[in-house]
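Number of protein chains: 2
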Amino acid sequence: MDATETSAVRRPMRADARRNYTRLLDAARAAFAEHGTEASLEDIARRAGLGIGTLYRHFPTRNDLLEAVFHESVVGLQEQARALLDSPAPGEALMDWLRATAQHATTYQGLAGSLMTSMLDDATSSPSDCHTRMLSAGEALLVRAQESKAVRPDVEIGELLSLVNGLAWAARRSPAGQDRTHRMLELALWGLVPREV
Amino acid sequence: MDATETSAVRRPMRADARRNYTRLLDAARAAFAEHGTEASLEDIARRAGLGIGTLYRHFPTRNDLLEAVFHESVVGLQEQARALLDSPAPGEALMDWLRATAQHATTYQGLAGSLMTSMLDDATSSPSDCHTRMLSAGEALLVRAQESKAVRPDVEIGELLSLVNGLAWAARRSPAGQDRTHRMLELALWGLVPREV
DNA sequence: ACGTAAGCTGAGGGTGTCTCCGTTTGGTGC
DNA sequence: GCACCAAACGGAGACACCCTCAGCTTACGT
Chain L
0 MDATETSAVR RPMRADARRN YTRLLDAARA AFAEHGTEAS LEDIARRAGL GIGTLYRHFP
60 TRNDLLEAVF HESVVGLQEQ ARALLDSPAP GEALMDWLRA TAQHATTYQG LAGSLMTSML
120 DDATSSPSDC HTRMLSAGEA LLVRAQESKA VRPDVEIGEL LSLVNGLAWA ARRSPAGQDR
180 THRMLELALW GLVPREV
Chain B
0 MDATETSAVR RPMRADARRN YTRLLDAARA AFAEHGTEAS LEDIARRAGL GIGTLYRHFP
60 TRNDLLEAVF HESVVGLQEQ ARALLDSPAP GEALMDWLRA TAQHATTYQG LAGSLMTSML
120 DDATSSPSDC HTRMLSAGEA LLVRAQESKA VRPDVEIGEL LSLVNGLAWA ARRSPAGQDR
180 THRMLELALW GLVPREV
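Quick mapping for you: the protein sequence lines, in order, are chains L and B. Just so we're aligned, residue 0 is where the first sequence starts under numbering that gives the first Met the number 0, counting upward by one. Just so we're aligned, residue 0 is where the second sequence starts under numbering that gives the first Met the number 0, counting upward by one.
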């Protein structure tokens, strides 16, 4: 899974390539956190002290770079989801996980969402790894919450992730910022609870 | 208000200027609907059969152009809000208006929202006309809905509009598209209703 | 019909994306 | 060690977009 490591099929990466790969990743992480996912790729290459061509060699598209950068946190969210499956309160577990997801989306100025949701149900592109992980991690939590009647039975996980990302995006430039994301999320989550008519 | 008309203070626009103004507006409307609010300004000028300089003469910033394009529909939404103030069901009236707003935001691929919400509580820029209109139109409906106990008393109109725009943005590229906007909106609106506990 | 201010234009400078090919270099077999 | 070569690097170049400005064109009042 880790592109820097030796694969059984292909040759291991050359030492310089491996070094540059991680340099790019570090520069990208910083740039995305600072300027959002629209950060200049040229700038990222510059920060890494490498030519733009090298960046494109490792990450042919902007999405490839985003995926690599987000891989860690997505895996983190995935693990958190797995852990929450043992929680005694399935409804709260789902809500907590969505809150954590919103937190992540906000850090990268909401646009992280484009990778996790729209991007890949978007026609052509092959399902991104990040997206798949998020969907299946969330799905498990959602099903459990629905089985325990803590969440409306007609909700789908894709909708929920879209929603979370939309909110994070909308709160992006607001002075309220982070706070507004959570505020809107609370409002929306409140709507997930079933009730009589 | 209409920039094409004679103002008492300033001279009327020259005939060619007036003609070009509306040409640009038409081209922009089409381009924004087709490509979202990130559409290329050079392309808009080209479509209108005019030089890029002319576009900038009439609309010094992208936002100015957006405002001009959206002016009509914003006024429409404003009127609709006023009409809904007479509705016997204040809660439903607010919900209907938010649905109509979401409809508009979706047509322009969600990004219309950046003009209506974030843009102007965003630091420097002077409060945009569109934004002000939307806020005050919505405010009236919201207050009435809250007074009739149909909506949680702690919600603010800015939050609601952010929310609607966020959802429209998130649904933007999804194949579900329009449908998903409404779906997510229904979920979120459900959360606005107060209840015990 | 003419003078002039309002209006129009597009080249140009800045930034960004992405490609391509000549050059450099790490790793391997001898 | 050394020589070879595929892998990796670099950055110029083609193209798109944003925005400005100096010089040209034209509508309109008199």
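All residues carry an ideal CB built from backbone N, CA and C; glycine is no exception. For clarity, every value in this text was computed on a predicted model and none was experimentally measured.
For E66 of chain L, the nearest beta carbon of chain B is not closer than 7 Å to its own beta carbon. W96 of chain B has a beta carbon lying at 7 Å or more from every beta carbon in chain L. Nearest in C-alpha terms to T106 of chain B, of all of B:T60, B:L191, B:W189, B:H34, is B:H34.
Just so you know, the alpha carbons of H130 of chain L and A136 of chain L end up roughly 10 Å apart. Classified as buried, T100 of chain B has 16 or more neighbouring CB atoms from the shown chains inside 10 Å of its CB. The C-beta of S72 of chain B comes no closer than 7 Å to any C-beta of chain L. In this model, A187 of chain L and E91 of chain B are separated by some 17 Å (Cα to Cα). When C-beta distances to chain L are compared with 7 Å, the residues of the region 160 to 171 of chain B below that value are S161, L162, N164, G165, L166, W168, A169, A170, R171, in chain order. From the beta-carbon of G190 of chain B, the residues of chain L found nearer than 9 Å are E185, L186, A187, L188, W189, G190, L191, V192. Here I51 of chain B is exposed, its C-beta having fewer than 16 other C-beta atoms within 10 Å.
Annotated three-state conformation of Y107 of chain B is coil, per DSSP. Taking C-beta atoms as the reference points, W96 of chain L and L134 of chain L fail to come closer than 7 Å. Closest in C-alpha terms to A27 of chain L, from the list L:S86, L:P11, L:N62, comes L:N62. By the Cβ neighbour-count rule, T21 of chain B is exposed, with fewer than 16 other Cβ atoms within 10 Å of its own.
Nearest to Q79 of chain B by alpha-carbon distance, out of B:R46, B:M94, B:A67, is B:M94. By the C-beta density criterion, L54 of chain L is buried, having at least 16 other C-beta atoms within 10 angstroms. Cα atoms of H70 of chain L and H103 of chain L: separation of roughly 12 Å, rounded to the nearest angstrom. Residue-level contact check: E158 of chain B touches chain L, since one or more beta carbons of chain L fall below 7 Å from its beta carbon. Counting only the Cα atoms, R13 of chain B lies some 47 Å from M183 of chain B. DSSP places G75 of chain B inside the alpha helix (DSSP H), whose first and last residues are 61 to 83. Take the alpha-carbon of R171 of chain B and the one of P11 of chain L: they are about 41 Å apart. Closest in C-alpha terms to S86 of chain B, from the list B:A144, B:R46, B:L64, comes B:A144. Residues I156 of the same chain have their beta carbon placed closer than 7 Å to that of E138 of chain L, with the five preceding and five following residues left out of the count. By the Cβ neighbour-count rule, L24 of chain B is buried, with 16 or more other Cβ atoms within 10 Å of its own. The C-beta distance from S127 of chain L to E66 of chain L rounds to 6 Å, short enough to fall under 8 Å.
Your pair S161 of chain L and R98 of chain B does not check out as a contact, with CB atoms roughly 17 Å apart and the cut at 8 Å. For A44 of chain B, same chain residues with a beta-carbon under 6 Å away, outside a window of 5 residues either side, are I51, L54 in chain order. Rounded to whole angstroms, V73 of chain B and D153 of chain L show a C-alpha spacing of 33 Å. Its chain contains L97, T100, A101, A104, G112, L184 as the residues whose beta carbon lies nearer than 8 Å to that of V163 of chain B, once the 5 sequence neighbours on both sides are disregarded; these appear in chain order. Burial check for G48 of chain L: the Cβ neighbour count within 10 Å stays below 16, so the residue is exposed. The residue from L:P89, L:W168, L:L84 with its alpha-carbon nearest to that of A149 of chain L is L:P89. Neighbourhood of R182 of chain L in chain B, by CB distance below 8 Å: E158, in chain order. The C-alpha of R151 of chain L lies about 5 Å from the C-alpha of P193 of chain L. Listed by position along chain B, the residues whose Cβ is nearer than 8 Å to that of V154 of chain L are L186.
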